[in-house]
């Protein structure tokens, strides 16, 4: 016989944050917390609850014209003697307080409190965010249960100092292989130096002027960078091959196909292979629900330049932003900590938005 | 009791070539052949014989105004079921026939036959030529017994199709380290891309016009080539370092200091380290003895572009050329072979030169 850890969704949001942190939930060990979340949500008659592995989805079905999604991951990076949590001078200390049990606590409190929200709401709590992308629980839901994730706008509760960080840039890595002809360096004119020829690729990179387009009101900043170069066989051979790996970060007004076409045009004449690719995500701040949310936050949203899980929503056509309590610079740190006021403020903003 | 293998210096030069080849003498195993050479030379009253390890030096001291040096290595690369040698249709087949027992046989025959040569002659037979440079027996003599190697002109009996290949080019390898500042590729403008900056080094290499100077009547051809490039830490980091290894081949009118100064001027502003360096060697064809020798050979000498042991003589101030029977393209091959006529021709030319 096993017993499920109980969490109390009627407790205040700071206590609930602490309770969630105090359940061991390092990536791969999310069963206990997922069971607790499922048990608590199943007690709420206004929600339909679904489960896949250690990911829980709960949703209202009130027939509202718009549906919003609130999503947070349940796992943390390994603890560093920083559990159980402690509340000191209005700050909650411990692993997970920032990344991202405070966000989860806010969403769970909303799930319990809002029996008749203004928009239909889908709450998503998922596993394996802090490890290899192929294990990511949100990615698994996107692949296997995309119908659980339909909606008009999504908020990922990652720490953002309670500012809206909108969308995310796409990322693509290509490999350019420059060929040469091997020869002895004493007679180098018998060959063709692949490293020298790779200079033409570096010329393109050095001359590149990245776009800084405005998408849905947010200004992005693209980038094109060599991240690795290797060439040369031995000290006494003119190299016959040089490879350059290039990372392209592109604003969410382009999809991967457009980004690839851009790179192929830029490096026309070179042998190009796409090594990996992850699409960006539009912030979707032109949607009325999103606009209303941004107004309630009261501080101007900024563009998210790095790639985040919001792009998984984008692949389903759902625009998304990051919004959550806590300073992201404290995530994964030994002294991870979150002001209680931040958690309460996020709770307040979201409650007003959805009521 | 050990017995020394005997070689007969009165045999014809082709038979002597075969006898030398048939004594096992892969690099590191030269004792038997060195003993045989020493024994044979010590039987010649007109020569003084010296030994260091498995290197033998024998010399006349007739008070001639000029001294020439004839040098050959005694070791071979490993055999490939191509011993003992066989003579078929005027061609000697087997390991060492080209590289370079035929040259050794010619020099040994001359040592025995020329009791009163026109110039004083120093004969050098040495070990460990086919392995790491630090083991090279000629290099050891240069370091430990430079007085054994004084002279006005030296001939290295390496296979050269019995054409004079004069001097050799110097070689220098430098490492240029280009620094950058690491950053996340999503915010690459916070850093500085070391691979992109390395493009400036490649610019110099691509624009470089190598000199083709004439030195002592022979035309050399320099070169400047990247032989290795590496940069980049990971797919998601703007690289903070890129290193480029560059090989410079330079004509023997420059010494290593001049070559280094040239590179430091060329890559001014970059962090440069000299990784290795070996000086070139002037052909010395302006010396009367050398000019006479070239005339006897009857075919125009060519510049040696690769680095060879002749440069070890150059470090002692002795100009040197390569001249020996056999096609160098057959050296180290399983079907290594040398026409008897080549050996006899080399023997004939050198005999006429020194008589």
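Residue numbers (our numbering), protein chains in the order written: chain A, 707 to 1061; chain B, 707 to 1061.
Yeah, the Cβ is synthetic: ideal placement off N, Cα and C, and Gly gets one too.
With respect to the alpha helix (DSSP H) encompassing residue i, which residues constitute its N-terminal and C-terminal limits?
| i | result |
| --- | --- |
| residue 939 of chain B | Premise fails: residue 939 of chain B is in no alpha helix (DSSP H) and is neither H nor E. |
| residue 848 of chain A | 843-850 |
| residue 813 of chain B | 808-819 |
| residue 1003 of chain A | 994-1003 |
| residue 927 of chain A | Counting along the chain, residue 927 of chain A falls outside any alpha helix (DSSP H), and DSSP gives it neither H nor E. |
| residue 988 of chain B | Here residue 988 of chain B belongs to no alpha helix (DSSP H), and DSSP marks it neither H nor E. |
When DSSP labels each residue in this structure, what does residue i get in the three-state scheme?
| i | result |
| --- | --- |
| residue 707 of chain A | Note that residue 707 of chain A scores 42 on pLDDT, short of 50, meaning its location in the model is unreliable and no value can be drawn from it. |
| residue 741 of chain A | helix |
| residue 729 of chain B | coil |
| residue 898 of chain A | strand |
| residue 903 of chain A | helix |
| residue 775 of chain A | strand |
| residue 768 of chain A | coil |
| residue 783 of chain A | coil |
| residue 1019 of chain A | helix |
| residue 870 of chain A | coil |
| residue 835 of chain B | coil |
| residue 970 of chain A | helix |
| residue 1050 of chain B | helix |
| residue 856 of chain A | coil |
| residue 1057 of chain B | helix |
| residue 909 of chain B | helix |
| residue 805 of chain A | helix |
Taking residue i as part of the beta strand (DSSP E), name the residues at either end of that continuous run.
| i | result |
| --- | --- |
| residue 1027 of chain A | 1026-1028 |
| residue 862 of chain B | 859-862 |
| residue 1045 of chain B | 1043-1045 |
| residue 798 of chain B | 797-799 |
| residue 954 of chain A | 947-956 |
| residue 757 of chain B | 754-758 |
| residue 793 of chain B | 792-794 |
| residue 880 of chain B | 876-885 |
Can you give the beta carbon distance from residue i to residue j, rounded, assuming they're within the 8 Å contact cut?
| i | j | result |
| --- | --- | --- |
| residue 936 of chain A | residue 950 of chain B | In fact, because the Cβ distance is near 11 Å, the residues do not count as touching under 8 Å. |
| residue 801 of chain B | residue 727 of chain B | 7 Å |
| residue 976 of chain A | residue 861 of chain A | Not confirmed; about 41 Å, so no contact. |
| residue 1032 of chain B | residue 946 of chain B | Not really, about 52 Å apart at Cβ, beyond 8 Å. |
| residue 859 of chain B | residue 1024 of chain B | 7 Å |
| residue 941 of chain A | residue 842 of chain B | No, residue 941 of chain A and residue 842 of chain B are not in contact; Cβ-Cβ is about 17 Å, not under 8 Å. |
| residue 820 of chain A | residue 1060 of chain A | 6 Å |
| residue 686 of chain B | residue 868 of chain B | Because residue 686 of chain B is not part of the residues shown, which for chain B are 707 to 1061, the question remains open. |
| residue 973 of chain A | residue 1027 of chain A | Their Cβ separation, rounded to whole angstroms, is 33 Å, which puts residue 973 of chain A and residue 1027 of chain A out of contact at 8 Å. |
Residue i and residue j: beta carbons closer than 8 Å?
| i | j | result |
| --- | --- | --- |
| residue 908 of chain B | residue 908 of chain A | yes |
| residue 743 of chain A | residue 780 of chain A | yes |
| residue 764 of chain B | residue 754 of chain B | yes |
| residue 863 of chain B | residue 777 of chain B | yes |
| residue 1125 of chain A | residue 905 of chain B | Residue 1125 of chain A is absent from the model: chain A starts at 707 and stops at 1061. |
| residue 711 of chain B | residue 735 of chain B | no |
| residue 847 of chain B | residue 832 of chain B | yes |
| residue 715 of chain B | residue 815 of chain B | yes |
| residue 1037 of chain A | residue 865 of chain A | yes |
| residue 874 of chain A | residue 1010 of chain A | yes |
| residue 855 of chain B | residue 1019 of chain B | yes |
| residue 878 of chain A | residue 812 of chain A | no |
| residue 957 of chain A | residue 1004 of chain A | no |
| residue 901 of chain A | residue 932 of chain B | yes |
| residue 773 of chain A | residue 857 of chain A | yes |
| residue 791 of chain A | residue 798 of chain A | yes |
| residue 997 of chain B | residue 921 of chain B | no |
| residue 991 of chain A | residue 897 of chain A | no |
Taking Cβ-Cβ distances below 8 Å as the criterion, which residues of the stretch 1026-1051 of chain B are in contact with chain A?
none
Could you run through the stretch 804-823 of chain B and flag, in chain order, every residue whose CB is less than 7 Å away from some CB of chain A?
Among the residues of the stretch 804-823 of chain B, none has a Cβ less than 7 Å away from any Cβ of chain A.
Identify each residue in the stretch 924-946 of chain A for which the Cβ-Cβ distance to at least one residue of chain B is less than 9 Å, and report them in chain order.
927, 929, 930, 931, 932, 933, 934, 935, 936, 937, 938, 939, 940, 941, 942, 943, 944 and 945
Members of the stretch 949-978 of chain A that neighbour chain B once the beta carbon cut-off is set at 8 Å:
950, 951, 953 and 955
Please name the residues in the stretch 825-850 of chain B whose beta-carbon is closer than 7 Å to at least one beta-carbon of chain A, in chain order.
none
In chain order, what residues of the stretch 905-923 of chain A put their CB closer than 7 Å to some CB of chain B?
905, 908, 909, 911 and 912
Near-chain B residues of the stretch 871-901 of chain A (beta-carbon distance less than 8 Å), N- to C-terminal order
Going along the stretch 871-901 of chain A in chain order, one finds 875, 877, 879, 890, 891, 892, 893, 894, 895, 899 and 901 with a Cβ nearer than 8 Å to chain B.
Mind listing which residues of the stretch 1005-1019 of chain B have their C-beta closer than 8 Å to chain A's C-betas, in chain order?
1011, 1012 and 1013
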